[in-house]
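In the UniProt record's numbering, the protein residues as written are 1 to 390.
Positions of the beta carbon are idealized from the N, C-alpha and C atoms, including for glycine.
Notes for the one structure printed next.
Encoded structure:
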């Protein structure tokens with residue numbers, strides 16, 4: 001077995017992804033182009049070969065930040081990633097270990113602070129693992145009538161109410177991306193979280209033109225909800241969904257998800273992937289009420305230089321604190337205090353922010369971001385978001 005980096009073609013890579021039971025949409029080669037074009041991050045696509053046969057792959061992205069340090073992530077901005085292989089479980093372990101060893105060599109060369117591999121199963125027994133997140137998955141019926149009957153009665157009632165309220169939902173192509181993004185930017189600002197760039201989504205739609213669609217929810221000709229759907233193998237996933245808060249009482253998310261469910265049923269898909277959530281969170285409960293079931297995610301990580309991971313237990317949406325090799329400068333400390341609360345999920349690494357451990361209220365950053373003009377958040381957000389791997 002030998003390991004190569006960025007040596008195999010997209011066709012060979014994606015052919016392997018199609019046959020690997022471990023592979024998700026996050027493993028497709030196109031994400032390499034999306035991330036490089038959108039944010040300029042370096043990518044390292046490792047492949048394990050036996051002779052000329054590809055037997056394992058691992059896509060990696062280097063995320064660099066003056067605040068968050070350097071991370072090698074598989075895959076950033078997505079729920080899944082990690083190592084894929086195609087042989088028996090015993091042989092898979094050897095492939096995984098060989099690729100992991102290569103990652104550690106690469107991490108030393110690049111002087112990264114953390115390696116983060118996002119698996120569906122516990123893959124690397126020698127690495128630490130975060131079990132904080134699950135993905136919520138629902139089985140789809142063979143047609144929408146059967147699916148409607150299988151939905152919990154409360155969901156059916158909410159869908160009916162959204163329809164009676166005059167909401168409509170429909171699938172669109174890439175020409176609807178601007179409408180999607182207008183809703184997405186407002187929603188992320190209202191959540192107090194930095195937004196992805198429009199170019200990020202444009203590159204996704206261009207790269208995966210045959211695998212993506214936009215679903216829009218309209219009310220009196222106004223777009224009040226939107227989602228970007230991704231189709232891969234037998235699954236429909238909706239990695240990015242947003243609705244305008246002032247219309248929540250009309251239940252836009254319910255008709256949006258129902259439209260995606262109908263599309264999946266009528267086009268032969270078997271699963272709807274609602275995406276990741278923390279157990280017991282509001283989004284977890286919303287997805288569970290559709291009949292979705294949790295599937296544990298295993299985010300394996302390796303921290304360099306003896307760093308530690310500290311979970312903050314005082315926060316309803318907990319996250320990993322930022323690590324520093326040495327005592328942070330006043331400027332770094334202030335900036336980390338501002339940015340940490342806005343992170344969309346736990347981040348890695350070392351010495352915890354002391355104010356955060358003391359339970360000091362850092363929600364001022366979120367409140368300030370929520371008051372920011374949407375036009376300004378659209379400009380500033382991507383410069384921060386590109387360095388947040390979650």
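Put simply, the segment 95-104 touches the segment 55-62. At least three CB pairs are less than 8 Å apart.
DSSP places residue 135 in the uninterrupted beta strand (DSSP E) bounded by 133-139. The continuous stretches of alpha helix (DSSP H) do not include residue 231, which lies in the beta strand (DSSP E) extending over residues 222-232.
The beta-carbon distance between residue 274 and residue 262, rounded to whole angstroms, is 15 Å. This is too long to meet the 8 Å contact definition.
Selection 379, 383, 149, 300 evaluated against residue 186 yields 379 as nearest (Cα-Cα).
If one requires a minimum length of 3 residues, the beta strand (DSSP E) runs lying completely within the segment 199-283 are 212-219, 222-232, 235-243, 271-278, in chain order. About 48 Å separates the beta carbon of residue 123 from that of residue 166, a gap too long to meet the 8 Å contact definition.
For residue 71, the enclosing beta strand (DSSP E) stretches over residues 69-74.
For residue 7, the CB contacts under 8 Å within the same chain, skipping 5 residues up- and downstream, are 47 in chain order. Fully enclosed beta strand (DSSP E) runs of no fewer than 3 residues occupy 167-172 of the segment 140-205, in order along the chain. Here DSSP, grouped into helix, strand and coil, assigns residue 382 to helix.
Sequence-distant Cβ neighbours of residue 22 in its own chain, meaning closer than 6 Å and more than five residues away, are 84. At a Cβ-Cβ threshold of 8 Å, residue 30 and residue 212 do not count as neighbours. The three-state reading of DSSP puts residue 128 in strand, counting E and B together. Every beta strand (DSSP E) stretch that sits fully inside the segment 17-98 and reaches 3 residues is listed by chain position as 42-50, 53-65, 69-74. Boundaries around residue 364 are those of the alpha helix (DSSP H), 364-371, since no beta strand (DSSP E) includes it. CA-CA distance, residue 4 to residue 95, rounds to 13 Å. For residue 115, the uninterrupted beta strand (DSSP E) run begins and ends at 114-119, by DSSP. Membership of residue 303 in the beta strand (DSSP E) is indicated by the continuous run 298-303. When the Cα atoms are used, residue 86 and residue 244 turn out to be separated by approximately 43 Å.
Here residue 37 has 199, 203 as same chain residues with Cβ atoms under 8 Å from its own Cβ, once five neighbours each way along the sequence are excluded. The C-alpha of residue 365 is placed about 43 Å away from the C-alpha of residue 18.
In this structure residue 70 is not in contact with residue 34, their Cβ atoms being roughly 20 Å apart against a cut-off of 8 Å. DSSP places residue 3 inside the beta strand (DSSP E), whose first and last residues are 2-5. The three-state reading of DSSP puts residue 122 in coil, since its state is none of H, G, I, E or B.
Residue pairing by DSSP places residue 295 opposite 135 in a beta bridge. Under a 10 Å Cβ-count criterion, residue 268 is classified as exposed, with fewer than 16 other Cβ atoms of the shown protein chains found around its own Cβ.
By the neighbour-count criterion, in which 16 or more other beta carbons inside 10 Å mark a residue as buried, residue 390 falls on the buried side.
With contacts defined as CB atoms closer than 8 Å, residue 297 and residue 137 fail to qualify as a contacting pair. Non-local C-beta neighbours of residue 227 in its own chain, meaning closer than 6 Å and more than five positions away in sequence, comprise 215, 238, 241, 256, ordered along the chain. In this structure, residue 62 places its C-beta atom within 8 Å of the C-beta atom of residue 44. Per DSSP, reduced to three states, the secondary structure at residue 388 is coil, with no helix or strand assignment. The alpha-carbon of residue 279 is positioned some 20 Å away from that of residue 117. One alpha carbon belongs to residue 205, the other to residue 368, and they sit about 32 Å apart.
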